[in-house]
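Here the structure is laid out as structure tokens; the discussion comes afterwards.
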Amino acid sequence: MPVGFEQIALVGEKVRLRPIREGDAPDAYRLVDDEAVLANLAWDGPTDEAEIAGTYRRWVAEMKAGEACHLAIESADKAGLIGCIDVRFPRHPQQADIGYWLGVPYWNKGYMTEAVRLVCYLSFRHLDAARAYATVFVGNNGSRRVLEKNGFSVDGTLRSHVFKRGQFVDSWFLTLLRSEWDASQGGFSPRYEDIVVAKGE
Ligand SMILES: CC(C)(COP(=O)(O)OP(=O)(O)OC[C@H]1O[C@@H](n2cnc3c(N)ncnc32)[C@H](O)[C@@H]1OP(=O)(O)O)[C@@H](O)C(=O)NCCC(=O)NCCS
Numbered sequence: 000m001p002v003g004f005e006q007i008a009l010v011g012e013k014v015r016l017r018p019i020r021e022g023d024a025p026d027a028y029r030l031v032d033d034e035a036v037l038a039n040l041a042w043d044g045p046t047d048e049a050e051i052a053g054t055y056r057r058w059v060a061e062m063k064a065g066e067a068c069h070l071a072i073e074s075a076d077k078a079g080l081i082g083c084i085d086v087r088f089p090r091h092p093q094q095a096d097i098g099y100w101l102g103v104p105y106w107n108k109g110y111m112t113e114a115v116r117l118v119c120y121l122s123f124r125h126l127d128a129a130r131a132y133a134t135v136f137v138g139n140n141g142s143r144r145v146l147e148k149n150g151f152s153v154d155g156t157l158r159s160h161v162f163k164r165g166q167f168v169d170s171w172f173l174t175l176l177r178s179e180w181d182a183s184q185g186g187f188s189p190r191y192e193d194i195v196v197a198k199g200e
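Per numbering that gives the first Met the number 0, residue 0 is the first one in the sequence shown, and the count goes up by one each step.
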């Protein structure tokens, strides 16, 4: 397992992933403070831009400590955050928990499908994951489709999984095993990668 994410750059045909920084807060606030995005996230959203800046400052520290990998999504040909994707290992060092959102103007162009592909590559090839997983509110068919296009399948439904705006919401639980990824996408490599991860003893 890593003890610190020192440098992460992953570039595909459509998107580029790089570490979140505090200076991303204005772009993130403009795009995430949108009901179309927030309705599908466990997070209820920011109160203001300063809150996001504080969160991103904490995320930079988490990356340095190897606790989680928080990445900005940029389009491959233009700098500037258009969404976020992160991978955490909250329960076991080989269980990669993937979460993401994308600003509405960028939906349905294949961006998140590729971002998830790049993060699976990072998790299985570089971070020794045995399984990647994601939870998706039941009915969020676009997100489920993104994962299924990357080889994930639905293990089942987590009933009353998240308390969102006064009511419990069910979630689909989707997983991708390393053996499945090896068989279907093991030959995948990004257009460009530059990954430096500090390892423990
Ligand atoms: C879900 C989300 C990440 C998808 O990102 P995206 O870049 O638009 O996804 P892609 O373009 O790579 O792929 C979307 C796929 O879902 C399909 N899709 C989109 N909306 C759909 C819907 N309502 N029902 C069924 N399929 C849908 C698209 O047709 C596409 O599939 P295709 O390539 O087979 O045509 C984005 O809409 C988003 O950020 N939503 C709000 C936050 C969120 O839901 N985060 C995930 C929480 S688990």
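C-beta: ideal position from N, C-alpha, C; glycine also.
Predicted, not measured: the structure shown is a model, and the values here were computed from it.
Check	Outcome
Any non-hydrogen atom of ligand 2 within 6 Å of glycine 141 CB	No copy of ligand 2 occurs in the structure displayed; its ligands are ligand 1 alone.
Nearest residue (CA-CA) to valine 145, options Gly155, Asp85, Lys163, Ala133	Ala133
One or two residues paired with threonine 134 in a DSSP bridge	Phe172
N- and C-terminal bounds of the beta strand (DSSP E) containing glutamate 73	67-74
Glutamine 93 (DSSP reduced to helix, strand or coil)	coil
Touch test, the stretch 111-126 against the stretch 12-32, Cβ-Cβ under 8 Å, three pairs minimum	yes
Under 7 Å between C-beta atoms of lysine 84 and leucine 70	The sequence given here places isoleucine at residue 84; lysine does not occur at that position. Taking 7 Å as the Cβ cut-off, isoleucine 84 and leucine 70 qualify as a contacting pair.
heavy atom of ligand 1 below 6 Å from threonine 156 C-beta	no
Residue of Met62, Asn149, Asp169, Val153 minimising C-alpha distance to phenylalanine 187	Asn149
Inter-stretch contact (C-beta, 8 Å, three-pair minimum) for the stretch 190-200 and the stretch 175-182	no
Span separating the alpha-carbon of tryptophan 42 from that of cysteine 119	23 Å
Contacts around asparagine 107, its chain only, beta-carbon distance under 7 Å, and the 5 residues preceding and following it disregarded	none
DSSP three-state assignment for alanine 60, whether helix, strand or coil	helix
For phenylalanine 123, the nearest candidate out of Phe88, Gly141, Tyr55, Ser142 (CA to CA)	Phe88
Host alpha helix (DSSP H) of glutamate 192 (start-end)	Looking at the DSSP string, glutamate 192 is not in any alpha helix (DSSP H); the run it does join, the beta strand (DSSP E), is 191-198.
Glycine 141: first and last residue of the uninterrupted beta strand (DSSP E) it sits in	Unbroken run through glycine 141 is the alpha helix (DSSP H), 140-148; no beta strand (DSSP E).
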